[in-house]
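In the numbering used here, the protein residues as written are 682 to 1251.
Since the structure comes first, as structure tokens, the remarks are kept for the end.
Written as structure tokens, this is what we have:
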């Protein structure tokens, strides 16, 4: 066993040591760095869980000294159009476990050591004013940054003495029904992707701006769910943004799009659009089951990443009652193997098997490689120093395991956990100029969104595949559901290093996007998109999410919806 292999990704408590940042997804902070002094203004002490979690993580961060969370009378909120409010209440009632993101949470319980004073003042129209005593207390605390939730933007005089000004999250931020109402617009327009990030009013610019912008797949039928997918990201985004300020870096920002609250007269048409969308999405899937298959070919030339053309591939199916996906091609002792996730419908769980191929690309023997009580997928097999290793995704068990072959291909020993404490998916290992790199999608969130780990790509590096794995300073590399999640082994084409990625915007595993890696080092990373393999290369195809190549053997997988009776075991 390798005792130093694991990288602990758990969020530390507020009383954690100064040297421990909230997440080991990021490099450690400089020891001599001065922490940013942050004051919080709120309109109440019982706040939605996403705000409480944001403050909890800031308090446990090595980049922040959280001074206090002061309440100010925010006054009554203006009423919403009655039909919109009725829709919001009904929609939230059916949001399931995602309601936890906006459930009320008492700060006194979540952060018992944090002072919770009351400041005199009120919301006056579109501005916040504080009395003289509150202003004197703010001057005494001398914050570097003020975060404001549930209150209108403060006047310029209040922000003038604060080094980084005031970031206001708006008057509705603490309201579980109205918070982030701007996120209804992607649903309103039927956008496949929601353009999100930290929407704040910055006192230094006097404008609403989007910090650390990201792109996530929209929840097409529910505002409450679409909002929860975005708000669950806020604790990590805010922690990253404040960390950047502490390091004297300005967080990435863009101008916020204008937003107007929809009126009653617009709601009936919106309801009809939602109904039509639901019918289009769910009716074709009635009585259907998701089914994946492999497509294989032998060709010394890899797919052209700029214009991928699927010619000469042969379809290979799993036996009845299961499917094969996530192919990883590997040549060993002169024989060609494909390691795959084998999903069995009867147990609703994946295991890892190795397919030994014949000259006709049909499996001549199937070896069960690894099976566990939890779902296993995305096997990644590679050689190092004369031995064969395998990385296996076990997101349900919140770890990423490394195995070494005792007897290839069906006897493996567990060496240890490469990453632990988080759900890590589609981990892909690559060696470049003697340095080892690990790409993976990870959800840096304390909330459970049902496994949508689609948006954020992280990179780690090490001297060897045995670790220890160090987080890359550019993390997260990508915050975009359209090309973040890995889709197979990195490969070379025409002298260029290519990274395949999944486009999960329309649906999970919808298409493959190929990127040229422009820079890859322990300090820098850059890539650019080249081309896209859409799910149009086989009749009835609904997705493709892995491309793997080793030598002349290439593998793709494809997704279809088939009648449940056809895929059940007999």
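Backbone N, C-alpha and C fix where the C-beta goes; we use that ideal spot for every residue, glycine too.
Taking Cβ to Cβ, would you say residue i is nearer than 8 angstroms to residue j?
{"i": "residue 867", "j": "residue 899", "result": "yes"}
{"i": "residue 802", "j": "residue 809", "result": "yes"}
{"i": "residue 821", "j": "residue 901", "result": "no"}
{"i": "residue 1141", "j": "residue 1119", "result": "yes"}
{"i": "residue 864", "j": "residue 904", "result": "yes"}
{"i": "residue 855", "j": "residue 719", "result": "no"}
{"i": "residue 998", "j": "residue 974", "result": "yes"}
{"i": "residue 1104", "j": "residue 1093", "result": "no"}
{"i": "residue 1218", "j": "residue 991", "result": "yes"}
Check each candidate in the options and name the one with the smallest Cα separation from residue i.
{"i": "residue 869", "options": "845, 1085, 908 and 878", "result": "908"}
{"i": "residue 929", "options": "826, 991 and 887", "result": "826"}
{"i": "residue 1049", "options": "940, 1091 and 1237", "result": "1091"}
{"i": "residue 1199", "options": "1173, 1186 and 1220", "result": "1173"}
{"i": "residue 1075", "options": "1186, 1056 and 1061", "result": "1056"}
{"i": "residue 1107", "options": "1136, 719, 1088 and 1128", "result": "1136"}
{"i": "residue 1231", "options": "1012, 852 and 989", "result": "1012"}
{"i": "residue 1127", "options": "1047, 918 and 922", "result": "918"}
{"i": "residue 994", "options": "983, 1006, 1009 and 976", "result": "976"}
{"i": "residue 1116", "options": "760, 774 and 1147", "result": "1147"}
{"i": "residue 851", "options": "834, 932 and 845", "result": "834"}
{"i": "residue 1029", "options": "1079, 972 and 1065", "result": "972"}
{"i": "residue 1073", "options": "831, 940, 985 and 1052", "result": "1052"}
{"i": "residue 1246", "options": "872, 941 and 1001", "result": "1001"}
{"i": "residue 1228", "options": "828, 1087, 978 and 1027", "result": "978"}
{"i": "residue 1169", "options": "1160, 1184 and 1161", "result": "1184"}
{"i": "residue 858", "options": "799, 912, 953 and 1144", "result": "912"}
{"i": "residue 910", "options": "897, 921 and 922", "result": "897"}
{"i": "residue 1077", "options": "721, 1054 and 1060", "result": "1054"}
{"i": "residue 1188", "options": "1082, 861 and 1163", "result": "1163"}
{"i": "residue 748", "options": "1080, 716, 939 and 1186", "result": "716"}
Taking only three categories from DSSP, how would you classify residue i?
{"i": "residue 1229", "result": "strand"}
{"i": "residue 872", "result": "coil"}
{"i": "residue 1122", "result": "strand"}
{"i": "residue 772", "result": "helix"}
{"i": "residue 702", "result": "The predicted position of residue 702 is uncertain, since its pLDDT is 31 and thus under 50; no value can be drawn from it."}
{"i": "residue 961", "result": "helix"}
{"i": "residue 991", "result": "coil"}
{"i": "residue 668", "result": "Because the chain in this structure spans residues 682 to 1251, residue 668 falls outside the shown range and cannot be described."}
{"i": "residue 944", "result": "coil"}
{"i": "residue 766", "result": "helix"}
{"i": "residue 1059", "result": "strand"}
{"i": "residue 661", "result": "Only positions 682 to 1251 of the chain appear in this structure, which leaves residue 661 out of reach."}
Quick one: is residue i buried, meaning 16 or more other Cβ sit within 10 Å of its Cβ, or exposed?
{"i": "residue 733", "result": "buried"}
{"i": "residue 744", "result": "buried"}
{"i": "residue 1125", "result": "buried"}
{"i": "residue 817", "result": "exposed"}
{"i": "residue 784", "result": "exposed"}
{"i": "residue 881", "result": "buried"}
{"i": "residue 914", "result": "buried"}
{"i": "residue 1240", "result": "buried"}
{"i": "residue 878", "result": "buried"}
{"i": "residue 703", "result": "In this prediction, residue 703 has a pLDDT of 29, which is less than 50 and means its spatial position is unreliable; nothing more can be read from the coordinates."}
{"i": "residue 1238", "result": "buried"}
{"i": "residue 813", "result": "exposed"}
{"i": "residue 1144", "result": "exposed"}
{"i": "residue 1111", "result": "buried"}
{"i": "residue 923", "result": "buried"}
Would a check of beta-carbon distances place residue i closer than 8 angstroms to chain B?
{"i": "residue 895", "result": "This model lacks chain B altogether; it includes just one protein chain."}
- Item | the region 1141 to 1158 contacting the region 1175 to 1195, beta-carbon criterion three pairs below 8 angstroms | The region 1141 to 1158, when compared against the region 1175 to 1195, does not touch it at the 8 angstroms Cβ threshold.
- Does the region 1188 to 1205 come close enough to the region 948 to 967 that 3 or more CB-CB pairs lie under 8 angstroms? Using a C-beta cut-off of 8 angstroms, the region 948 to 967 makes no contact with the region 1188 to 1205, since fewer than three inter-stretch Cβ pairs fall below that distance.
- Message: Does the structure place the region 841 to 848 close enough to the region 877 to 892 that three or more beta carbon pairs sit under 8 angstroms?
- Response: Because the criterion of three Cβ pairs below 8 angstroms is met, the region 877 to 892 and the region 841 to 848 touch.
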